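These notes concern the structure reproduced below.
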Amino acid sequence: MAKDKQRLTHLDAKNQPTMVDVGDKAVTQRSATAQCIVILGDDIMQELSQSGDKDEIYSKKGPVFQTAVIAGTMAAKKTHELIPFCHPLPIEKCKLKIYINAAQEVVVECTVGVTSRTGVEMEALTGANVAALTIYDMCKALSHDIVIKETKLMAKSGGKRDFKRE
């Protein structure tokens with residue numbers, strides 16, 4: 006295999022799944038931000054906007070964004086229990102930001118930070134996803150025509166290389 010060619014890190018020499026050994030990696034500050042887009046649709050947005058609160062929407066189950074923030078935080082902390090080869094991490098920071106953009110889509114951003122030997126991309130992605138699923142759950146009584154449109158890593162820092170999406 007060419008030196009510059011990347012290989013999947015969760016496969017051993019015999020192509021068997023394995024957890025990456027991070028024992029020799031340097032402990033550094035690491036951070037990752039992930040984003041999900043949720044499309045609730047015009048009917049739900051109209052129904053929910055009648056609350057008069059520009060920073061929160063409410064359903065019969067309660068405050069949608071506040072509940073999603075709690076769920077996303079809990080999920081980020083439990084990522085290693087959900088994804089087989091994720092290391093348990095002592096998360097130092099988990100911040101969720103949820104807002105409605107100009108296209109009337111709900112944007113969920115999850116930023117996770119840790120000082121560790123491995124990154125927190127999966128924790129940020131898990132936190133954003135579970136927050137988006139919670140928004141779906143909180144709003145599904147109004148309509149099942151809700152779309153969780155996309156999930157993507159927006160940025161990461163620390164470790165071998167940094168990444169930032171335009």
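Read in order, the letters of the sequence shown correspond to residues 6 to 171 in the numbering used here. All C-beta atoms in this analysis are idealised placements derived from N, C-alpha and C, irrespective of residue type, glycine included. None of the values given here were measured: they were computed from a predicted structure.
Compute the Euclidean distance between the alpha carbons of residue i and residue j, then round it to the nearest angstrom.
i, j, result
"C41", "I96", "21 Å"
"A37", "L45", "26 Å"
"R166", "K30", "13 Å"
"S162", "H85", "20 Å"
"V152", "Q21", "35 Å"
"T139", "Q109", "18 Å"
"R35", "K82", "15 Å"
"M50", "A76", "21 Å"
"N106", "G124", "29 Å"
DSSP three-state label for residue i, please.
i, result
"F168", "strand"
"E61", "coil"
"E128", "helix"
"D47", "helix"
"H92", "coil"
"A133", "helix"
"L147", "coil"
"T23", "coil"
"D191", "Because residue 191 is not part of the residues shown, which for the chain are 6 to 171, the question remains open."
Kindly indicate the opening and closing residues of the alpha helix (DSSP H) around residue i.
i, result
"K102", "Taken as a continuous stretch (DSSP letters only), K102 belongs to no alpha helix (DSSP H), being part of the beta strand (DSSP E) at 98 to 105."
"I75", "69 to 82"
Excluding the 5 residues preceding and the 5 following residue i in the sequence, name in chain order all residues of the same chain whose CB lies nearer than 6 Å to its CB.
i, result
"K19", "none"
"V43", "V111, A137, I140, I153"
"D150", "G46"
"T116", "T38, K100"
Spatial neighbours of residue i within its chain, please: C-beta separation below 8 Å, excluding the five flanking residues on both sides.
i, result
"T78", "C99, L101, G132"
"I88", "M127, T131"
"S64", "L53, M143, C144, A146, L147"
"M159", "T38, A39, Q40, E114, K169, R170"
"A80", "L87, T131, G132, N134, V135, A136"
"I103", "F70, A73, V74, V111, V112, V113, E114, A136, I140"
Ends of the beta strand (DSSP E) at residue i?
i, result
"R5", "This structure cannot speak to residue 5, because the chain is shown only from 6 to 171."
"C115", "111 to 121"
"I153", "152 to 162"
Comparing the CB of residue i with every heavy atom of the ligand GTP, is any distance shorter than 6 Å?
i, result
"C99", "Of the ligands one can find in the structure shown there are none, so the ligand GTP has no counterpart to examine."
For residue i, which residues of its own chain have a beta-carbon under 7 Å away from its beta-carbon, when the five flanking residues on both sides are left out?
i, result
"N134", "C41, T156"
"P93", "H85"
"P68", "E61"
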